[in-house]
Amino acid sequence: MKELFRLLKQGSMSSLWASIINAVVAITKGVVFFITGNVAMFAELMHSIGDTVNQAFVYIGSALSNKPPTDRFPEGFARLVNLVLLGAVLIVGVLAYETIKKGINRIIAPPESNEWLWLNVSVLGIAMILEGFVWFKSMKEITADLGGEDIKGFNIISESFKNVGKANPATKLVFLEDAVATSGAFIAIIAIFIGAYTPFQSAEGYASVVIGLMLFLVVGRIFLDNAAGALGAADQDMVKKVGEYVYEEPKVKDIRKLAVMQEGNELHAELKIELESDMTIAEADQIHDNIEKKILDEKRITDVIIEFDDHDDTQHWDESKNETKNSEKGSGDGQSKQ
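Here the sequence shown is numbered in full-length UniProt numbering, starting from 1 and rising by one per residue.
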């Protein structure tokens with residue numbers, strides 16, 4: 001039990017807060033929908049339930065993924081967060097389907113009155129503010145993860161949009177889901193006003209369909225990102241950055257192999273570097289330590305394996321593109337260090 005609490009403390013705090021706030025919002029929306037029967041509110045209720053479930057799964061998965069390796073699982077549990085989320089998307093997919101179905105029914109049979117107009121609008125307005133707060137919090141985490149502690153004000157918004165693709169999976173999920181949640185609440189409010197003050201009384205139904213489709217987009221993005229993480233996708237941006245770190249060492253002749261693989265919220269780097277065969281062990285050891293320190297200074301990279309080999313007079317690494325020209329052909333017989 002102590003280990004479980006220790007692991008939970010290491011979970012994604014942005015996901016935990018997002019889950020708590022969305023749970024409160026979902027309960028409030030559920031009560032109002034039960035009172036008013038407003039279909040736009042139902043769509044937002046489904047959205048909030050989906051966000052609560054997803055972000056709770058992210059928090060638990062991110063916490064358990066910090067469990068140290070065991071004899072049975074020597075590679076550790078980093079990919080557990082991806083596997084957990086692949087299950088969570090099924091729940092959100094069902095909620096998206098129900099949202100679209102309810103919206104279509106309301107388009108066919110629009111409401112005759114909007115007696116609970118201001119109650120619906122007030123609750124959705126509060127929800128939009130709360131979800132916008134969580135969204136902004138995820139923006140700050142994205143900029144902080146990139147070393148942008150000095151980014152403030154509206155620059156946080158612009159920089160987070162530019163760099164959301166580089167965020168860790170948990171923060172990226174919170175960003176995407178609350179972006180859709182905030183905009184979905186705004187769409188629902190507009191639809192309620194349109195239905196109340198114009199002859200277009202089916203506006204709530206169309207809003208519900210739009211929100212359901214937005215949920216499906218979130219499902220698709222979550223699935224693709226976490227399938228990549230579960231399979232161990234390469235992080236090409238980080239590969240280029242690590243390649244630059246390696247070639248900052250003047251005695252490095254070539255990079256035979258370089259891979260930076262995503263596992264859950266973590267990145268793992270593996271390199272095979274070619275040096276001159278007459279280099280001393282002390283010189284190779286210093287190069288190893290210099291490169292390892294630079295790589296591990298990257299926040300998301302948790303471990304690195306570096307091997308050395310003789311220079312084989314064939315250039316494997318294209319410095320202009322920061323990528324290997326061809327796959328590894330052999331390991332050679334030179335000195336190595338891990």
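Ideal placement from N, C-alpha and C gives every residue a C-beta, glycine not left out.
Asked, Found
"Give me the Cα-Cα distance between methionine 238 and isoleucine 27, rounded to the nearest whole angstrom.", "41 Å"
"Would you kindly report the start and end of the unbroken alpha helix (DSSP H) that includes phenylalanine 193?", "169-197"
"Measure the beta-carbon distance from leucine 267 to aspartate 235 and round it to whole angstroms, keeping in mind my assumption that it falls under 8 Å.", "6 Å"
"When the Cα atoms are used, what is the spatial distance from methionine 279 to threonine 143?", "41 Å"
"Rounded C-beta distance between residue 348 and leucine 83? I'm assuming under 8 Å.", "Residue 348 is absent from the structure shown; the chain starts at 1 and stops at 338."
"Rounded to a whole number of angstroms, what is the C-alpha to C-alpha distance between isoleucine 192 and aspartate 318?", "58 Å"
"Buried or exposed, going by whether 16 or more other CB atoms sit within 10 Å of the CB of lysine 101?", "exposed"
"What residue range is occupied by the uninterrupted beta strand (DSSP E) comprising phenylalanine 308?", "301-310"
"Between which two residues does the beta strand (DSSP E) containing histidine 316 stretch?", "Per DSSP, histidine 316 belongs to no beta strand (DSSP E) and is neither H nor E."
"Given a cut-off of 7 Å, decide if glutamate 270 and alanine 259 are closer than it, judged by their beta-carbon atoms.", "yes"
"Is it right to say tryptophan 51 is buried, meaning 16 or more other beta carbons lie within 10 angstroms of its own, or is it exposed?", "A small correction: the amino acid at residue 51 is aspartate; tryptophan does not occupy that position in the sequence shown. Buried, because 16 or more other Cβ atoms sit within 10 Å of the Cβ of aspartate 51."
"Between alanine 78 and the rest of its own chain, which residues show a CB-CB distance below 6 Å, the 5 nearest in sequence each way excluded?", "Ser65, Glu263, Gly264 and Glu266"
"At what residues does the beta strand (DSSP E) containing lysine 29 begin and finish?", "That residue, lysine 29, is in no beta strand (DSSP E); its alpha helix (DSSP H) goes 13-36."
"Please classify alanine 144: does DSSP put it in a helix, a strand, or coil?", "helix"
"Look up aspartate 237 in the DSSP assignment and say whether it is helix, strand or coil.", "helix"
"So the candidates are Ile190, Gly212, Val219 and Val304; which of them puts its Cα closest to the Cα of valine 246?", "Val304"
"For glutamate 276, which option in Ala282, Asp312, Asp297 and Gly243 has the closest C-alpha, if you only look at C-alpha atoms?", "Asp312"
"According to DSSP, is glutamate 328 helix, strand or coil?", "Only weak support is given to the placement of glutamate 328: the predicted model assigns it a pLDDT of 43, under 50, and the value that follows is read from those uncertain coordinates. Coil."
"Return the CA-CA distance between valine 123 and lysine 29, expressed in angstroms with no decimal places.", "7 Å"
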